[in-house]
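Data first, discussion second: the structure below is written as structure tokens.
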Amino acid sequence: MKPRTRDLLIGLALCASGASQAAIYTTQLSGPAEAPPNTSAGTGSAIVNFDTATHVFSIDMSFSGLTGTTTASHIHCCIAPSGTAPVATQVPTFNAFPLGVTSGSYSRTFDTLDITSWNTPFVAANGGTAAGAEAAFAAGLAAGTSYLNVHTTAFPGGEIRGFLTPTATGQVPEPPALALLAISVGALVAARRRRSTSGKAMR
């Protein structure tokens, strides 16, 4: 194997070893998406980022035009789009979720190995550990069987909801891995220049 090829492969391997596995899911929330459907004019959208390497998931959402005022919000798992499922995340609602409003936004990051990030029955149904809940939740997200629900005074069972669907997956290099890759590429460039200069001197 040529030295340049060898160095490039080493650099890429080092980069991959420092990567984290993250998946991004999105949804649009509406009344007709509820089970049973309702005629609420409320709407919303959300992005969920789930990283099994760092054991965190984050949620960023916004909503408006609700008929009633908010009483709770959480993610349910795991069921086909036509049905309902138990709550997987915190109850009675996400920590610090805005209550008593008809519009708002929410952003939060959760530790998936912290048992308080999960609904107790969901943990019990998946091995009795936070790791088991994390694995079941990850599987539900990947399968498209998890949904985000916003409950209100007008619709206690849920005014708007939406199933989370995967939009992007992949390996995201961590800063140390990027640095290693940069060093490897730099070494390749320097070696190539040295060979080019040496070749010219011999002519």
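Under mature numbering (1 follows the signal peptide of the UniProt record, and there is no 0), residues -22 to -1, 1 to 181 are what the sequence shown spells out, in order.
Backbone N, C-alpha and C define an ideal beta-carbon position, used for all residues, glycine too.
Inspect the beta-carbon positions of V128 and T48 and report whether they are closer than 8 Å. yes
Beta-carbon gap between A113 and F28 smaller than 8 Å: no
Applying the criterion that 16 or more other CB atoms from any shown protein chain within 10 Å of the CB defines a buried residue, is S95 buried or exposed? buried
Give me whichever residues DSSP pairs with I53 in a beta bridge. L126
In angstroms, rounded to a whole number, what distance separates the CA positions of A24 and R139? 10 Å
How would you label residue 186, buried or exposed, when you count the other beta carbons within 10 angstroms and need 16 or more for buried? Outside the displayed range of the chain (-22 to 181) lies residue 186, so it cannot be described from this structure.
Which term fits N104, buried or exposed, when burial requires 16 or more other beta carbons within 10 angstroms of its beta carbon? buried
Less than 8 Å between the CB atoms is what I'm expecting for P70 and A50, so what's the real figure, rounded? 5 Å
In whole angstroms, what separates the C-alpha of residue 183 from that of G135? This structure leaves residue 183 out entirely; the chain is present only between -22 and 181.
Just list the residues that DSSP pairs V101 with in beta bridges. V101 pairs with nothing; no bridge assigned.
Residue span of the beta strand (DSSP E) that contains G118, given as start and end: Counting along the chain, G118 falls outside any beta strand (DSSP E), though it belongs to the alpha helix (DSSP H) covering 108 to 121.
Rounded straight-line distance, which links the Cα of A120 to that of E137: 24 Å
Rounded to whole angstroms, what is the Cα-Cα separation between I2 and G9? 23 Å
Over what stretch of residues does the beta strand (DSSP E) that includes N27 continue unbroken? 21 to 29
Using three-state DSSP, classify T87 as helix, strand or coil. strand
Would you mind reading off the limits of the beta strand (DSSP E) that contains G140? 138 to 141
Check whether S18 and F141 have beta carbons under 8 Å apart: no
Which word fits T98, buried or exposed, when buried means at least 16 other C-beta atoms lie within 10 angstroms of its C-beta? exposed
Alpha carbon of R86 to alpha carbon of P59, nearest angstrom: 25 Å
From what residue to what residue does the beta strand (DSSP E) around V65 run? Here V65 belongs to no beta strand (DSSP E), and DSSP marks it neither H nor E.
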